[in-house]
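First comes the structure, then the notes that go with it.
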């Protein structure tokens, strides 16, 4: 879609125009559903989060200044919506900072392993990678998503989740190790 | 050797940069409905702000244009015929007007506490000696028993107050006499609406296509608040009103949707999954009705613009006892159309109403009021265990006729 059309839709959304809002939904709903699925792991909950996220997007559209792309701005809003959901749900461990002293898990892989692993990961369909990440406990999965996929810094993760920077690093390290182990276990064997 | 973390990050980032998942485009209708509800809320909010603003503006304007109006008739209240009267000089500038015009606008009325006619001449004489009154100004003497002071029209009283002349009597007996009573009938035809939203504590029981199914099905219905009221007036212009009203909220529905999934429900955990089922089209055109017995408590104000006419505003709170229901509704879990289940309605609901309008007071002690009115239940009419909340509200006109039983006279 050309830039002028996107610009037109953005202006329409700022003016609370329903047609523009609908077009924005049609363009970005699948992408945002992907974001919500990564954080919630459940398609029904993800649909609800997409619903809530778009309401927030449309009601806050006047605050969109165009400093970043509309997709980046929306992704941040959807991530915050997902985190708010996780905070309000029974699973609050994501936001707890208990007994998480900084400890980096030493990886004992060798170069051969590394090459083979990255090769497998590169060639693996995204849906399969998603399945592996999805199996991680929420508190690791959220940090992995925020850091590795969505580009948050550890400081930003710590501020957003209300945990220490060390805990964020520790969780990321643990998440990677668990992911690698799981993939190795399943893929290398097969 | 460690696996290069940066490498993994870049692979993950790259892989998920175009990660998408299917979502039915029909989900848009749920969002659109929510945005429309929000828009209505914003309208109601600004309507309330506007009402308050108009009330304040009306109050200020009233004070400015009527209480300070130099053209009001001038009143002097005298406690005793022979007492020294300390009043300000009346306006003695002609301001370029003709004498007659000035005289018409500045007529003096002297009101004596005494009701003995023989003092009248003395009073006029006393007053004339102590203040300057241009000879062409007519002097009208009224003798009043001071306890009847509240028979005086508002503009007269207000002028006295404005000139800081004799204060109104403030002893116990007179304070008691400021209170008066009214009884009346109320009739409020209205447009009925309902706002439906999820009950967050029970939202696991809401079918994912429920809001899409009912979207656009609700149209203006009608409502009614009819009943008797009793009122106690104080300080001349404020009142408390209570009574008993029958309130009905009728909402028209035009359902047209298809059930294509069957919800697999666990009574404790809600909807677990959706099973495909043969499509069933639901079409229904009808009105659902909820009826309540409302016991209101209202605080109101009557601001007189003229002797028998003014602006009336009122804010009220009520307890509403559920009486009856009729019509059909969509089950939020299974989407089937069913009769409204009375057991799902709260036995008692709370509500509020706001109105502002005009009133006319007849010589025979009747007060007629007509005022735009907004009334709403506070919270949902459904019980806490029902998956959705429905807030019923009416926009309408309030017609009221009251009879003043006593005017605070001895």
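Residue numbers (the numbering used here), protein chains in the order written: chain H, 1 to 190; chain V, 1001 to 1410.
A virtual CB, placed ideally from N, CA and C, is assigned to each residue, including glycine.
Residue i at chain H interface by Cβ criterion, 8 Å
| i | result |
| --- | --- |
| residue 1045 of chain V | no |
| residue 1011 of chain V | yes |
| residue 1270 of chain V | no |
| residue 1215 of chain V | no |
| residue 1205 of chain V | no |
| residue 1335 of chain V | no |
| residue 1262 of chain V | no |
| residue 1196 of chain V | no |
| residue 1015 of chain V | yes |
| residue 1402 of chain V | no |
| residue 1208 of chain V | yes |
Start-to-end residues for the beta strand (DSSP E) that takes in residue i
| i | result |
| --- | --- |
| residue 86 of chain H | No beta strand (DSSP E) holds residue 86 of chain H; the alpha helix (DSSP H) holding it covers 70-88. |
| residue 1297 of chain V | 1270-1306 |
| residue 1318 of chain V | 1309-1326 |
| residue 1353 of chain V | 1348-1361 |
| residue 1197 of chain V | 1180-1198 |
| residue 1386 of chain V | Taken as a continuous stretch (DSSP letters only), residue 1386 of chain V belongs to no beta strand (DSSP E), as it is neither H nor E. |
| residue 1378 of chain V | 1366-1378 |
| residue 1238 of chain V | 1238-1266 |
Start and end residues, alpha helix (DSSP H) containing residue i
| i | result |
| --- | --- |
| residue 1335 of chain V | Unbroken run through residue 1335 of chain V: none, as it is neither H nor E. |
| residue 19 of chain H | 18-40 |
| residue 5 of chain H | 3-14 |
| residue 172 of chain H | 165-183 |
| residue 160 of chain H | 154-161 |
| residue 53 of chain H | 43-59 |
| residue 148 of chain H | Careful: residue 148 of chain H lies outside any alpha helix (DSSP H) and carries neither H nor E. |
| residue 127 of chain H | 126-134 |
| residue 1014 of chain V | 1005-1016 |
| residue 1214 of chain V | 1210-1214 |
| residue 140 of chain H | 138-144 |
Proximity test, Cβ basis, 8 Å: residue i and chain V
| i | result |
| --- | --- |
| residue 148 of chain H | yes |
| residue 71 of chain H | no |
| residue 165 of chain H | no |
| residue 182 of chain H | no |
| residue 51 of chain H | yes |
| residue 14 of chain H | no |
| residue 126 of chain H | yes |
| residue 103 of chain H | Confidence in residue 103 of chain H is poor, its pLDDT being 48 and thus under 50, which makes the residue's placement too unreliable to answer from. |
| residue 152 of chain H | no |
| residue 142 of chain H | no |
| residue 66 of chain H | no |
| residue 44 of chain H | yes |
| residue 78 of chain H | no |
| residue 37 of chain H | yes |
| residue 26 of chain H | yes |
| residue 75 of chain H | no |
Cβ pair residue i, residue j closer than 8 Å
| i | j | result |
| --- | --- | --- |
| residue 1399 of chain V | residue 1349 of chain V | no |
| residue 81 of chain H | residue 150 of chain H | no |
| residue 1402 of chain V | residue 1183 of chain V | yes |
| residue 13 of chain H | residue 54 of chain H | no |
| residue 1392 of chain V | residue 1243 of chain V | no |
| residue 1352 of chain V | residue 1379 of chain V | no |
| residue 180 of chain H | residue 130 of chain H | no |
| residue 1368 of chain V | residue 1374 of chain V | no |
| residue 1296 of chain V | residue 1245 of chain V | yes |
| residue 172 of chain H | residue 147 of chain H | yes |
| residue 1287 of chain V | residue 1250 of chain V | yes |
| residue 1027 of chain V | residue 47 of chain H | yes |
| residue 1479 of chain V | residue 1197 of chain V | Shown here, chain V extends from 1001 to 1410; a query on residue 1479 of chain V therefore has no answer. |
| residue 1210 of chain V | residue 1012 of chain V | no |
| residue 1313 of chain V | residue 1362 of chain V | no |
| residue 1179 of chain V | residue 51 of chain H | no |
| residue 1023 of chain V | residue 4 of chain H | no |
| residue 120 of chain H | residue 187 of chain H | yes |
| residue 1326 of chain V | residue 1283 of chain V | no |
| residue 1212 of chain V | residue 1186 of chain V | no |
| residue 86 of chain H | residue 138 of chain H | yes |
| residue 182 of chain H | residue 122 of chain H | no |
| residue 141 of chain H | residue 154 of chain H | no |
Cross-chain neighbours of residue i in chain A, by beta carbon under 7 Å
| i | result |
| --- | --- |
| residue 54 of chain H | No chain A appears in the structure shown, which is made up of the protein chains H and V. |
### Query
Does the stretch 1338-1353 of chain V come within contact of the stretch 1256-1270 of chain V, defined as at least 3 CB pairs closer than 8 Å?
no
### Message
Closer than 8 Å is the cut-off here; do at least three beta carbon pairs connect the stretch 1379-1388 of chain V with the stretch 1344-1353 of chain V?
### Response
yes
### Task
Check whether the stretch 1199-1210 of chain V touches the stretch 1284-1302 of chain V, counting contact only when three or more Cβ pairs, one atom from each stretch, lie closer than 8 Å.
no
### Query
Does the stretch 36-47 of chain H come close enough to the stretch 1037-1055 of chain V to have 3 or more Cβ pairs within less than 8 Å?
no
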